[in-house]
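Undergrad: If you scroll down you'll find the structure; I have some questions about it.
Numbering (my numbering), first residue to last: 4 to 199.
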């Protein structure tokens, strides 16, 4: 927490995360996967953890779920290169793409929260149940959380309108849920326009 708190810009935070040795996942991962897109973009997307492709390339959401995420936002006229800033609650791939343990999540969460503070998005999108539960500090599942606006209160006193939604990987496995995700995206687009 102290390391994260001392970082005043995203570049410092990235350096701190890359130098951090407190998470055992770092020893089994090929790369630290910090972020992609535009720092300071209006929408920040926070997913769960890097998969094999992300670990290999060192960028979040570049595996099979990445193109779907890009297409979803492209349908709203948004792109990773202009409107999105993307990261995960974990910066290293869990072996075999297993769900991160609560201990692994809590170790990285101070960095994630500081990352959100420094990026200052207008809106935060939490992709998937693991990210939503960790960031919102709740035990409720994604089926209950998705599609409902909440306000994330950060340690610096600021608040960010936050929308939990399904992870693109879940949508690839469960295409019937794409309709609900589309409604979430429309709500995100509407809220962004209201914020100007």
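Cβ coordinates follow ideal geometry from the N, Cα and C atoms, glycine included.
Note that this is a predicted model, so its numbers are computed, not measured.
By how many angstroms is the C-alpha of residue 170 removed from the C-alpha of residue 183?
TA: Distance between the alpha carbons of residue 183 and residue 170 is about 12 Å.
Undergrad: Looking only at C-alpha atoms, which of 110, 121, 37, 4 sits nearest to residue 18?
TA: 37
Undergrad: With DSSP collapsed to three states, give me the class of residue 157.
TA: Correct three-state label for residue 157: coil.
Undergrad: Given residue 108, which residues of its chain have a CB within under 8 Å of its CB, disregarding the five upstream and five downstream residues?
TA: 92, 93, 133, 137.
Undergrad: Who are the Cβ neighbours of residue 33 in its own chain at under 7 Å, not counting the five residues just before and after it?
TA: 58, 59
Undergrad: Can you tell me which of the three DSSP states residue 34 falls into?
TA: coil
Undergrad: Could you name the residues that DSSP lists as bridge partners for residue 127?
TA: 47, 165
Undergrad: Name, in chain order, the residues that DSSP records as bridge partners for residue 89.
TA: 39, 48
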